[in-house]
Each structure stands twice: as C-alpha cells, then as structure tokens.
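Just below is one structure, and these are the notes that go with it.
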Amino acid sequence: MVVANAVAALAEIQEHSSRPIFEITSHTLSKLLTALNECTEWGQVFILDALSRYKAADAREAENIVERITPRLQHANCAVVLSAVKMILLQMELISSTDVVRNLCKKMAPPLVTLLSAEPEIQYVALRNINLIVQKRPTILAHEIKVFFCKYNDPIYVKMEKLEIMIKLASDRNIDQVLLEFKEYATEVDVDFVRRAVRAIGRCAIKLDRAAERCISVLLELIKIKVNYVVQEAIIVIKDIFRRYPNMYESIIATLCESLDTLDEPEAKASMIWIIGEYAERIDNADELLESFLESFPEEPPQVQLQLLTATVKLFLKKPTEGPQQMIQVVLNNATVETDNPDLRDRAYIYWRLLSTDPEAAKDVVLAEKPVISDDSNQLDPSLLDELLANIATLSSVYHKPPDAFVTRAKTASQRTEDDDYPDGNEKGYSANVGDGGASPSTSSSSVPYTAARRPSPAQVMPAPASPVPDLLGDLIGLDNNAMIPADQPAMPSGPPLPILLPASTGQGLQISAQLAQQDGQIFYSLMFENNSQITLDGFMIQFNKNSFGLAAAGPLQVPPLAPGAAARTLLPMVLFQNMSPGPPSSLLQVAVKNNQQPVWYFNDKILLHVFFSEDGRMERTSFLETWRSLPDSNEVLKEFPGIMVGSAETTMDRLAASNVFFIAKRKHANQDVLYFSAKIPRGIPFLIELTTVIGNPGVKCATKTPNPELAPLFFEAIETLLKI
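According to full-length UniProt numbering, the sequence shown is numbered sequentially starting from 1.
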C-alpha cells in the first residue's frame, strides 16, 4: 500500500513538473514488480501506469517484465486488465522472438473478450481500446470476430463500435460470416445503425479484393428489399466500389437505375448521377436519366448540382449527339446565369471555355483516368496510434485523441531551478521551469474538445458569448469547424508590434497584424485589428485552412465593434492536430477573416516551429547521448548561418531557454565552442541540437538529429529566428 501510494504521488508530481522527478531504474523496477502482487487493485493500476514509462534495456528484460505482468490479465478489475495490456503491448515492441510475440497475442485475447461481458458502459470503453489494439496487432483478436457480433439489446453506441472493429478484423477467411451479420443488421429498425451496416459492407468490399463480388451481391439483395434509406445508402457505397474496381461490376447499373425515382437524399442522388456520367457510353438512355434530374436543377443542393454539371459534360464528350448538346447548353446556362453558388459557377465557366476552345483537351481533363480509392478502415496516423496505445486505459484511448488535445494545463508559477554545472566546470547552466497547475478537462463537445487556459489578469478578460458562433467561413476554404466553443479570452490592448499581414490598402481600410505566440504552454494567435475605414466594423470571424500542424481556433474570435479610427488587440486560443493537410511539412498558414460589413479577407502567415517548443523538452545528459546514438546518421541534418554572430554563450542560452530550447552541455573543439541543446514539439517529437561557433565571430553551424528529419527545414527557420533576436 505504501509503495503504490508513493508511486501515485510521484507520478502526479512528475506530471506537474518539467524536469525528471520519478525515473524508474532496473533496481526500482524489481521492487515495483514485487509490490504488484500484494497491492489493492487501484494500487496495481498506479504501478502498471508508472511502469509503462519504463523502457527495457533489451529483449530479455522486456520478456521478464511481461512474464511478471501477464498474471494481471486474469484480474477481475477492468482497469487492471487494460493497464496490463498496455504494458505488454509497449514491451512487445522490444521483443524480437516471433514465438514469444505469438504466445503473448494468444494470452491477451481471452481477457479482452471477457471485458465484453461487462456492463454496456465498460464494454464501450473496452471496444474503443480494442479498436486501437487491433489496428496495431490484428492477430490478437483475428479468431474472435464472433464476440463482436451485435446483440439485440446492445445500446446503439456499443453496436457502432462493434461494427468498426468487425470491419478491421474482416478477412478472406471470415468475410462470409461478417456479411451475413451485416445483412441482418441492415434489416433492423434503427435507421442510423442500418445505414452504418450498409456502409460497412461497402468498406469490406473496398478492403478485400476477393470478397468484392460477394459484397455487391449482398448490396443488390438489400436494394431489392425496396426500403428507401437502405437503397440510397447502398447506391452511395456501390459508387465507392466502382471507384475502387473500375470497369469490373458495371453489369449491376441496370438494377441501380430501377431505383432512380426513389432517391431523395443529396448524397445518394449525387452518387447515382456520378455513376450515370462515368458509364454514360454503356447506358443506352443515359441522356433521359440525366434529363429527369435536370428538371429540378435550380432547387437541388450544391452537391447534386455539381455532379449534374460534370455528368452532363461527360455525357456530351462521350456521346456528342443532338440530345446531349441541348442538355449541355441548358446546364451551362443554369450553372452560370441562374445560380449564386461560386463553386458551381466557376466550374461551369471552366467547362464552357474548355468545350468551346478545345474539345480534345476537355476530354483529357474531364475523362482522365482517376486513381482508385483505398481502404480507410485503419485511419489513424501511425505516430498518433503509438501515442494512443501508450495511453490505453485513459480518456485518451476513448476519445482517440492525444491527451494534450483535450486537457489544458493552467500555469501557476514561473521560476528558475538550481543551476547545473557544465561538464567542464567553468560555467553555470540556466534553465527555466514552469510549474503546472491542475488539469482542467474541457466540457465542450468532442469535435473541438479544448478550452483556453485562464489568464492571470481578470481585468483584461473579455466576456465570452453565451452561445457558439456559427461557422460562416466553412464553405470558403473547404473546412468544417462548425462546433465552436466559448473561451475565456484575454484582451491584450498593448504588446510588441505584430507583422502586418493584411494592409489597409488591400482590406478597404481594415488592417490586420498577427503572429502565433505561446504563453504559459498554450498556443495563441495574437491579432491586431485597426479600422482606417469610414464605417464601424463588427461581427468578426476567423477560419484557418488545413495546414501541416492542424492548427485551428479553439473558440470564437472576440473583437468588439471597431469605430472608424479604432483598434483592438486580442489573443485567440489555438488547438493542434484538428485540421491536418497532407503532404510534406510546410510553414504556410492560410487565414480567412470576415466581418459583417466587408467581403472575406484572405492572407498568409508563417508558422514558426519554436512556438510549439514545449516545456518538457529538457533532457538529461545521459538520455541526450543515448538518443543521439540511437538515431541513424541519416536523421542528422546540417545548416550554416554565416551572417549570425554569438556574442556571449550565456546570453544565447538564456534567449533559447526562454523559448523552451534547453541547454545540455558545452565543450571546446579546437578554437570553437560547441553547445548542445534539446527541444520537443507536441506528439513527443524531440530535436537534439549541436551549435558550433567561435564566440564573437560571425558564423554558426547548426546540426540537429530528430526522428522526423522532414521537419528540419522548419526547425532551422525557428533556430535562425531565435538566434537573431
């Protein structure tokens, strides 16, 4: 009991400190594993969670740890079982023997299955954790798919989770069983569950090539039932199957066309229109089918209008006869003259110009071969999945979000720690530690589960609106951040000057200056609005386009009405990993700002990586050396800054420490000074830094090693900025 409570206390202190306090050594490990057998169930949870942070030295030690923890899998308390599973999964990463790994997978299956006989709420938590586990180790439950079959009395939230796991475990061996289940679910009474079941059949078809034909047979049987919402959902998933397997299953199009009159949902209509347009040359009466939709063109939602426009152009290019020619004139006229939707109008103009100038080029563009779609059932990014698996049995594994996405720490104090000696004993190191306050979980909806940390100056806090602000910019740059939450927002009337991103000459008198900033561990977007126009501006809103770090607003933009000549400065709390853009990392941040009197203003900002440097980036010297050696040489990137001069090592260290770049050590090499630092960005990505320079002379050489070398160009931009300050 004493050991367990000491571990719990140390773990909590560690969470609120930026320097290592509770480090488990091999000697401590043995004591904790021994105490595990005599603890209460919650004591075991504390110890197992603490042990999960321990990295075994080699495969043999990992096997020994797992051997002593495996009995916990038989425990009656679900929390103990999940904590033991987490510990075993983490140690399995170090075990090289395939036989040992296979045996461990077999041992973990029964306890996980047992969790599904508990109350529905515990089942749900278990299923959310199992969802993560099968993405990493599908073999654990590959033979247990039957336990995920839905029971008639399962709550809907349990049924939905079971469906997701069944899709992930579906294989050529068990697909017949799975399809029988899905077909059964598609005849149930809960409409949402039926839709999800039909969609699951489509996802299995996309995932398993050999099973696609069987999946389509089941979907056709469901269409024959003539239940409206089943038919519509089936058409949506068949469209995806066509995109996955082009020119393979077109024989079923005739059956689909029989259900044309029953379609009333936008997505189903759009899917059917896409099928007709894509296979117009194989459908004799394709022009008649499309014409039936064209009668209601002005009243249709944009999604359907866009598909109708494209499908009609495809039909004309494939069958350039009189009928399609008249249709294309009607559609292009409707889409350019009668509509106020800019997306539709722009696409229609592009088609019009393509067709009128070069029909062959139009064919190359519109009828180009499309890439096949892929299976999305393992949708989590591998690095995020590893982070979530390290947090099994916590809220993080239920939300499927990293902890820093829904817990904001309120900082209480900022102070220096005791000085650390440099290795050569000549100088003293400087470090800044910020003590954490209690965690304050957000009470907002799960789609934007963040709240801003409360600021220390109540006098500067602007009142938050009582209700969420609607998202008027979602359609403008292709985002869907509708769920906005009120946030305690500091009004910052003064501060350092911000770079001007929208000059008054461009913004019809509105000037916007902005920059990303970090305060007390929280990321903000610092904005300054200046009204140089002749009218009062109000109703300000902001939207961020998809970007490499998923930056998005954590709450509504709060700017008071600006009279002519007035200015206002505000801090907008930001969240990470909400709005990720694909492709290589980029520092580009595209912003849209709107008010009630002017059009939407777009401008570009630059993401500087040092804004993300976290306070837990300090490393011990031994840990720094081990990490440096463990990373391959290919992960080391070099950059020289010939124009930068380091006047004083102390000043540089203080300046970098203020931005959470922590000093590790210093040494002399010939006449050069070599300084070592560490930094860390969210998701635990470390940067190990070596700065080489001659104090007082221009020229700095910077080397960094990181598990993510593709971030190096952004990192060097940040370091250059910090060294120039």
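Backbone N, C-alpha and C fix where the C-beta goes; we use that ideal spot for every residue, glycine too.
Endpoints, the alpha helix (DSSP H) within which residue i is located
i    : result
C215 : 212 to 224
K606 : Counting along the chain, K606 falls outside any alpha helix (DSSP H), though it belongs to the beta strand (DSSP E) covering 601 to 606.
L711 : No alpha helix (DSSP H) contains L711, which DSSP labels as neither H nor E.
T255 : 253 to 257
T506 : Counting along the chain, T506 falls outside any alpha helix (DSSP H), and DSSP gives it neither H nor E.
L389 : 382 to 389
I175 : 175 to 185
W344 : Just to set this straight, residue 344 is Leu in the shown sequence, not Trp. From DSSP, the alpha helix (DSSP H) with L344 extends over 342 to 357.
L51  : 41 to 51
C204 : 191 to 207
Q379 : Premise fails: Q379 is in no alpha helix (DSSP H) and is neither H nor E.
I167 : 156 to 169
K239 : 228 to 244
Y54  : That residue, Y54, is in no alpha helix (DSSP H); it is neither H nor E in DSSP.
V398 : 395 to 399
Span of the beta strand (DSSP E), counted from its first residue to its last, around residue i
i    : result
D264 : Premise fails: D264 is in no beta strand (DSSP E) and is neither H nor E.
D673 : 672 to 681
E690 : 685 to 693
L36  : No beta strand (DSSP E) contains L36, which is instead part of the alpha helix (DSSP H) from 26 to 36.
K136 : Element bounds for K136: not the beta strand (DSSP E) but the alpha helix (DSSP H), 120 to 136.
Q14  : Where Q14 is concerned, there is no enclosing beta strand (DSSP E), although the alpha helix (DSSP H) it sits in stretches over 2 to 15.
A592 : 588 to 594
L502 : 500 to 502
V147 : That residue, V147, is in no beta strand (DSSP E); it is neither H nor E in DSSP.
V700 : 698 to 705
Supposed contact pair residue j and residue i - C-beta distance, whole angstroms, cut 8 Å
i    : j    : result
A62  : I95  : 5 Å
M574 : I523 : 5 Å
V661 : F613 : 6 Å
A712 : V611 : Incorrect: roughly 17 Å between the Cβ atoms, too far for contact.
F193 : I156 : 6 Å
Q578 : G550 : 5 Å
F716 : K639 : 4 Å
L294 : A335 : Going by Cβ atoms, the distance from L294 to A335 rounds to 11 Å, so no, they are not a contact pair.
V398 : V80  : Actually they are not in contact, since the Cβ atoms of V398 and V80 sit about 17 Å apart, beyond 8 Å.
Same chain only: Cβ atoms within 6 Å of residue i, ignoring 5 sequence neighbours per side
i    : result
I685 : N708
F603 : L501, L502, V591
Q534 : P564
A200 : L163, I167, F182
S446 : No answer about S446 holds up, because its pLDDT of 36 lies below 50 and its placement is not dependable.
P470 : Summary for P470: the model assigns pLDDT 43, below 50, so the residue's position carries little reliability; its value from the coordinates is reported in the next sentence. Cβ within range, chain order: n/a, list empty.
Distance CB(residue i)-CB(residue j) smaller than 7 Å
i    : j    : result
K606 : M541 : no
A348 : L332 : yes
V218 : L179 : yes
A718 : L608 : yes
T70  : C105 : no
I167 : R203 : yes
E267 : I216 : no
T536 : P496 : no
N635 : K705 : yes
L47  : L32  : Here residue 47 turns out to be Ile, not Leu, going by the sequence shown. The answer is yes: Cβ separation under 7 Å.
S581 : S630 : no
E144 : A197 : no
R214 : D172 : no
S526 : Q515 : yes
Sequence-distant residues of the same chain with beta carbon closer than 8 Å to residue i, five excluded per side
i           : result
Q325        : F316
P402        : L384, E387, L388, N391, S396, F577, P682, R683
I273        : L290, F293, V304, Q307, L308, A311
P246        : K370, V372
residue 744 : Past the boundaries of the shown model lies residue 744; the chain is included only from 1 to 725, so the question cannot be answered.
E221        : K183
L380        : L132, Q135, L388, H400
N174        : I145
Cβ shell of residue i (< 7 Å), same chain only, five flanking positions each side left out
i           : result
V559        : F529, F540, A568, T570
K224        : none
residue 735 : The first residue shown for the chain is 1 and the last is 725, placing residue 735 beyond what the model contains.
P585        : S548, E710, L711, L714
L472        : Note on L472: pLDDT 39, under 50, position unreliable in the model; the coordinate value appears next. Answer for L472: M541, K594, listed in chain order.
Q232        : L263, E265, A268
Exercise for the section: Within the stretch 518 to 579, note down every full beta strand (DSSP E) run reaching 3 residues or more, in order along the chain. Expected result: The stretch 518 to 579 contains these whole beta strand (DSSP E) runs: 522 to 531, 541 to 544, 567 to 575.
Handout entry: Whole alpha helix (DSSP H) elements within the stretch 63 to 116, 4-residue minimum
Key = Complete alpha helix (DSSP H) runs here, min 4: 78 to 92, 98 to 115.
Practice task
Mind listing, in chain order, the continuous beta strand (DSSP E) runs of no fewer than 3 residues lying wholly within the stretch 272 to 328?
Solution key: Complete beta strand (DSSP E) runs here, min 3: none at all.
Exercise for the section: Counting only runs of 4+ residues fully inside the stretch 601 to 665, write out the alpha helix (DSSP H) ranges in chain order. Expected result: Counting whole runs of 4 or more residues, the stretch 601 to 665 contains the alpha helix (DSSP H) stretches 621 to 630, 649 to 658.
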